[in-house]
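Shown next, in structure tokens, is the structure this report addresses.
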Amino acid sequence: MSDTMTNTQATGGDGAEAPRGVENLPMVKALNAGLRQAMLDDPRVLMMGEDIGRLGGVFRVTEGLQPEFGTDRVLDTPLAESGIIGTAIGLAMHGFRPVCEIQFDGFIYPGFDQITSQLAKLTNRHEGQLSMPLVIRVPYGGHIGAVEHHQESPEAYFAHTPGLRAVSPSTPNDAYWMIQEAIASNDPVMFFEPKSRYWPKGEVDFSSSAVPLHASRVVRTGTDVTLVGHGAMVTVLLQAAELAAAEGTSVEVVDLRSLSPVDYGPVVESVRKTGRAVVAQEASGFASIGSEIAATITERAFYSLEAPVLRVSGFDTPFPPAKLEGLFLPDADRILEAVDRSLAY
Amino acid sequence: MQFLSTDGVFSVSEQSEQYAPYLERLTEADHRRFYRDMSVVRAFDVESANLQRQGQLALWVPSFGQEAAQVGSAHAARPQDHLFPSYREHAVGFVRGIDLLNVLRLLRGVTHGGWDPKDPTNGNFHLYTLVIGSQTLHATGYALGQKLDGRTNTGNHETDEATMVYFGDGATSQGDVSEALVFASSYQTPQVFFLQNNHWAISVPVTTQSRTPLHRRGDGFGVPNVQVDGNDVLASFAVTAKHLDDARSGQGPQLIEALTYRIGAHTTSDDPTKYRTQEELDSWVAKDPIARFEAYLRSQNAPQSFFDDVDAEAKDFASDIRCRTLALETPDMSLMFDHVYSEPHPLLEEQKAWLAQYENSMNGGESA
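The listed protein sequences derive, respectively, from chains B and F. Just so you know, we're using full-length UniProt numbering here: the first sequence kicks off at 1 and counts up by one. Just so you know, we're using full-length UniProt numbering here: the second sequence kicks off at 1 and counts up by one.
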């Protein structure tokens, strides 16, 4: 695993590029820089997906990569998700490190069989004699007012599948570093990109080094209650923590970062301190990531708990038409309502 | 496309003429090797079915009747080629050099795989894929890799690589097979799609899968295609040799439909008498690929001693397989945990340690 990864070696073309320090970038640009760095670092890395080459992706995450690296390394594919994943599997068998883009969360299901029955199982089927260093990038989640199939949070299906790893960055800095670590991993990684966080800018520290891909992290310290989430939800949790602070409640926020495996250390440590936990997610709650986190907190921190672990999730409905998404998606007020319930025990 | 009539009489027709030069690659020894391979694998197949009936295998998947399509095509592949099977290609695996015991390990339930495709002794024969049609995409990606790495179309057939993928008539209805043909055609991969049309997908006849001859699907994808008598080992060889060489010389993917018949059941869990007639079965038994080739070899003056030797070798092979199957042991529980990921995974390490402790406590050791 590439936890010692640094960015001092960035060279390309004719000469060394000037080292980059800290820049204020949106996540799409951070991802683009991370993908580019991965392609510079390893000539076996290639990109595949619908509209990722000439157009640079519908979100422009791969913009500029095809002109720089050529059509043999940035492949515009036919419009077929199973074909993209299945072909990428064959390329990985041939020693490439494919990075596949699924255009939107809700379009991943035509590739579900290749992901769950083949990609996830091939290393096991080969009894370790074959690695599957393949990354599947999935822009996911709501808050963008789009039509059906464009705002979903399907991460639980993949976190549930043995053989896959699943991660989701919440900031541009994490996006830059985590995409490179995911590509460097010898296991298949589902890389969930919170598309509502694609455009807000954040600091990207090109001169630092990556933290381990599967580490969770305390992003705000507090003493009264622990909030746990991932992806775009982390921003909502931080907003809720700010509002709670104004009312005198001290909230700790943990960003999971990795959904499989989950790094429970910081989560459990936090709950042992606060005695209360609220787990939040955009996805429907039944049989979800949040369910698993809540159950594990209860198992591991039972004697520290002052209240049951509460969950705040999308409802168990299909993602609604865009005009109703504000009611479906947990916002800071819904988080605070759960915080109040937790504190009332 | 046929060279041998059902009676084993050789002739070249207008249709088969373009493939005839490929037969010049074959010596008398090659012909005998084809016969020997088909016979040994048939004996293996019959023995394996017996092992299943005796409770030694969870399931058996017979290749009975499809030996010519498999042996002919497998011998047409060059050593540097990569072959992606479905799960009935025992004869292909045998020709490429895998130990067929590994196929029985899979069906006995001691592995999900069985051999290492990267081990040179296994002839670039990839693992069986049980989900219908999935491997066609893996083969397409592999062939694309061969092209991107410049390992094909350099003008040297002795070293230029190609990929061949096996699938059946039922698989042609799967979306993955169509997607594989699209991707292969778009990227012009060095690849042969080898379709064994054995006429039945368990109980469903090929007419339910397609209203057109299956090879003609290639036209819609821009993929050159041909239909061959898959019970004629010489025709299967020549057609595959030509189209693999076309693929490796920059002409893109090719589709071969080999007409054959699954004489046996789909698997040992199947009862073909419920869905097909004795008359149909008899008509295909009359076209048996091994009997046909035996007739041809006898017409070429192969001596009785050759057939006796092959018969003895086949019996010995089956007997050896039986002994080694009975000796297969249940794997250690670490097999379940150790290869799910290539890199360490804390959840599985925890569960493996827990199971070891639990098993130990159940066996009278320290309690968990």
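Just so it is clear, CB atoms sit at the ideal spot from N, CA and C, and this is done for glycine as well. Here the structure is a predicted model, which is why all the values come from computation and not from measurement.
Of the candidates Gly248/B, Val189/B and Trp199/B, the residue whose Cα lies closest to the Cα of Val99/B is Val189/B. Between Pro303/F and chain B, the shortest Cβ-Cβ separation is not below 8 Å. Taking 8 Å as the cut-off, the Cβ atoms of Glu67/F and Arg42/F count as close. Of all alpha-carbon atoms in Leu259/F, Asp7/F, Val233/F and Val206/F, the one lying nearest the alpha-carbon of Gln227/F is that of Leu259/F. Taking a cut-off of 8 Å on C-beta distances, the region 205-218 of chain B does not touch the region 58-65 of chain B, as fewer than three cross pairs fall below it. Look at Gln118/B: its C-beta is under 8 Å from a C-beta on chain F. Non-local beta-carbon contacts of Ser250/B in its own chain, meaning distances under 6 Å to residues more than five positions away in sequence, involve Gly222, Thr223 and Asp224 in chain order. DSSP places Asn124/B inside the alpha helix (DSSP H), whose first and last residues are Leu122 to Arg125. Under the criterion of beta carbons closer than 8 Å, Leu119/B and Ile89/B qualify as touching, at roughly 6 Å.
It is roughly 21 Å from the alpha-carbon of Glu155/B to the alpha-carbon of Ile335/B. Assignment of Asp76/B by DSSP, reduced to helix, strand and coil, places it in the strand class.
Among the bridge pairs identified by DSSP, Ala277/B is matched with Thr226/B. For Asp41/B, the uninterrupted alpha helix (DSSP H) run begins and ends at Met27 to Asp41, by DSSP. In the DSSP assignment, Arg217/F falls within the unbroken alpha helix (DSSP H) covering Arg217 to Phe221. Under DSSP, Asp205/B forms a beta bridge with Val22/B. Ranked by Cα distance from Ala322/B, the first of Leu40/B, Val147/B, His94/B and Ile115/B is Val147/B. Residues of the region 88-115 of chain B with a C-beta less than 9 Å from any C-beta of chain F: Ala88, Ile89, Gly90, Leu91, Ala92, Met93, His94, Gly95, Phe96, Pro98, Pro110, Asp113 and Gln114, listed in chain order. DSSP, reduced to helix, strand and coil, places Pro205/F within a strand of the structure shown. The DSSP-derived three-state label of Val211/B is coil. In the DSSP assignment, His82/F falls within the beta strand (DSSP E) that extends over His82 to Phe84.
Judged by DSSP in its simplified three-state form, Gln103/B adopts coil rather than helix or strand. In this chain, the alpha helix (DSSP H) harbouring Thr235/B covers Met233 to Ala246.
Distances from the CA of Asp245/F to each of Val61/F, Arg32/F, Asn156/F and Val12/F were compared; the closest alpha carbon is that of Asn156/F.
Here Ser283/F is exposed, its C-beta having fewer than 16 other C-beta atoms within 10 Å. Counting along the chain, the unbroken alpha helix (DSSP H) around Asn102/F starts and ends at Leu101 to Arg108.
Using a 10 angstroms sphere on the CB of Phe286/B, the tally of other CB atoms stays under 16, which defines it as exposed. In the DSSP annotation of this structure, the continuous segment of the beta strand (DSSP E) that includes Ala166/B starts and ends at Arg165 to Val167. Sorting Glu349/F, Tyr358/F, Thr121/F and Gln80/F by C-alpha distance to the C-alpha of Phe94/F places Thr121/F at the top.
Within the region 140-151 of chain F, the residues whose Cβ lies closer than 8 Å to some Cβ of chain B are Thr140, Gly141, Tyr142, Ala143, Leu144, Gly145, Gln146, Leu148 and Asp149, listed in chain order. By the rule that beta-carbons nearer than 8 Å mark a contact, Arg125/B touches chain F.
With contacts defined by Cβ atoms closer than 8 Å, Leu4/F and Arg292/F form a contacting pair.
A distance of 8 Å or more separates the beta carbons of Phe112/B and His150/B.
Ala283/B carries a strand assignment under DSSP once its states are collapsed to helix, strand and coil.
Of the candidates Arg105/F, Asp81/F, Arg216/F and Arg324/F, Asp81/F places its Cα closest to the Cα of Lys118/F. Rounded to whole angstroms, Ile321/F and Ala314/F show a C-alpha spacing of 11 Å. For Glu179/F, the nearest beta carbon of chain B is closer than 8 Å to its own beta carbon.
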